[in-house]
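Numbering (this note's numbering), first residue to last: 11 to 94.
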Amino acid sequence: MDEFRVNHLIAESSFPNRLEELALKTGHLTPALLQKEIGKMKNPPRRIYLMHAKPQYFPEIEKEIRGIARNSIRYLQEGEVLTI
Numbered sequence: 011m012d013e014f015r016v017n018h019l020i021a022e023s024s025f026p027n028r029l030e031e032l033a034l035k036t037g038h039l040t041p042a043l044l045q046k047e048i049g050k051m052k053n054p055p056r057r058i059y060l061m062h063a064k065p066q067y068f069p070e071i072e073k074e075i076r077g078i079a080r081n082s083i084r085y086l087q088e089g090e091v092l093t094i
């Protein structure tokens, strides 16, 4: 991806950082794992759209995700249509 500029990234962060092992076993991301993946990109995306946060962990995930890129992250709502 080094040669391309990703303006918008749609990703999921289902579990908080403390449940990283469970996230990895089930094929999901935590905020820290998402940050690690974004860190691999030469040019980070300008806007990140998140989905699939487990409701019982949402407050914890939201707090942890703020450390990644405060102003560029937006949570998608169920049924929302995103026009890019």
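Cβ atoms here follow ideal geometry from the backbone N, Cα and C, with glycine treated the same way.
Exposed or buried, which one is residue i when buried takes at least 16 other CB atoms within 10 Å?
| i | result |
| --- | --- |
| L44 | buried |
| T40 | buried |
| L92 | exposed |
| I71 | buried |
| L32 | exposed |
Looking at C-alpha atoms only, which residue of the options is the closest neighbour of residue i?
| i | options | result |
| --- | --- | --- |
| A42 | S24, P55 and N53 | S24 |
| L19 | I78, Y67, L60 and K73 | L60 |
| H62 | L29, V16, A21 and N17 | A21 |
| N27 | N17, R76 and P55 | R76 |
Self-check item: Meets three-Cβ-pair contact criterion under 8 Å: the segment 85 to 94 and the segment 28 to 47
Solution: no
Practice problem: Scan the segment 27 to 86 and note each continuous beta strand (DSSP E) run of 3 residues or more that stays entirely inside, going in chain order. | Solution: 57 to 61 and 83 to 85
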